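full-length UniProt numbering puts the sequence shown at residues 1 to 196. Don't be surprised by glycine CBs; every beta carbon is placed ideally from N, CA and C. Treat the numbers as computed from the prediction; the structure is a model and nothing was measured.
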Amino acid sequence: QFTQQYQPAVCNFNPTPCKDPTDKLFTVHGLWPSNNVGGDPESCKIRNHRARAKALEPQLEIIWPNVLDRTNHTAFWRRQWIKHGTCGYPTIQNENDYFETVVKMYTTEKQNVSKILSSAKIEPDGIKRTLADLEIAIRNGTDNKKPKFKCQKKRRVTELVEVTLCSDKNRAHFIDCPNPFQPGSPYLCPTNNILY
């Protein structure tokens, strides 16, 4: 699961205000191996020790910032690697491969949610949208595969917080995202009036 978060919404729903102004775009939250049924794997054994290359950091700061604290990107990246990236083996070989894969997915494999929505003329204008319009736009950019949406509501306003794109275990093909939020979940998106 390649999950991207909409920076202003993340800050709006965080109990502690973000330290820096946000950009009006989706940036990486994480690349998370998942199971079709049951819980997703976490904190797996590290099989190949090859640390993240420092040369990747300027790109990561742009596409994968720590939105809540831009002075501490590396701790955020480290947590994502330890909790999720380690479980991507054998597709993800090591820490450096994990981060290179994310850069490639976001920049060259056209899996940038902001660009996918923009291609469908859906811009972050702060207007209310339907779930169908958002889903059609994402499907048009992902071989008609179903994404996973995360919304949150505060003071009767529902905002789009995250979009997840899913691929098979070899990352060769998009697939319908498994395990959508169920009715009753605080993260389930309504059919309309979603702020983006």
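Among the candidates L25, C11, K19, whose CA atom is the shortest distance from the CA of V163?
L25
What residue range does the beta strand (DSSP E) around residue 242 cover?
Because residue 242 is not part of the residues shown, which for the chain are 1 to 196, the question remains open.
Whole-angstrom C-beta distance between I194 and residue 198, which should lie under 8 Å
This structure cannot settle anything about residue 198, because the visible part of the chain is limited to 1 through 196.
Assess, as a yes-or-no matter, whether the region 11 to 21 is touched by the region 127 to 146 under the definition of 3 or more beta carbon pairs within less than 8 Å.
no
According to the Cβ coordinates, are T158 and C151 closer than 9 Å?
yes
Restricting to Cα atoms, I'd like to know which of Q93, R171, N140, V161 is closest to Y187.
V161
So does the region 108 to 122 actually touch the region 72 to 83, counting three or more Cβ pairs closer than 8 Å?
no
Could you check where the alpha helix (DSSP H) with G30 kicks off and where it finishes?
No alpha helix (DSSP H) contains G30, which is instead part of the beta strand (DSSP E) from 26 to 31.
Whole-angstrom distance between I116 and E100, CA atom to CA atom
21 Å
Just to confirm before moving on: does the CB-CB distance between V37 and P180 stay below 9 Å?
Taking 9 Å as the cut-off, the Cβ atoms of V37 and P180 do not count as close.
Taking the alpha carbon of A53 as the reference point, which residue from A9, P41, K45, V103 has its own alpha carbon closest?
Closest option to A53, Cα to Cα, is V103.
Can you tell me which of the three DSSP states E159 falls into?
strand
Would you mind stating whether T91 and P33 have Cβ atoms separated by less than 9 Å?
Result yes, Cβ atoms of T91 and P33 sit closer than 9 Å.
Put R79 into one of helix, strand or coil per three-state DSSP.
Of the three classes helix, strand and coil, the one that applies to R79 here is helix, per DSSP.
With a threshold of 7 Å on Cβ separation, who are the neighbours of K169 within its own chain once the five nearest residues in sequence on each side are excluded?
T91
Look at the alpha carbon of R139 and the alpha carbon of P65, and state the distance between them as a whole number of angstroms.
26 Å
Closest Cα partner of P41 within the set N14, C87, A75, A172:
C87
Which partner residues does K154 have in the DSSP bridge list?
V157
For K150, verify whether its CB is less than 8 Å away from any heavy atom of the ligand ATP.
The ligand content of the structure shown is nil, which means the ligand ATP is not present either.
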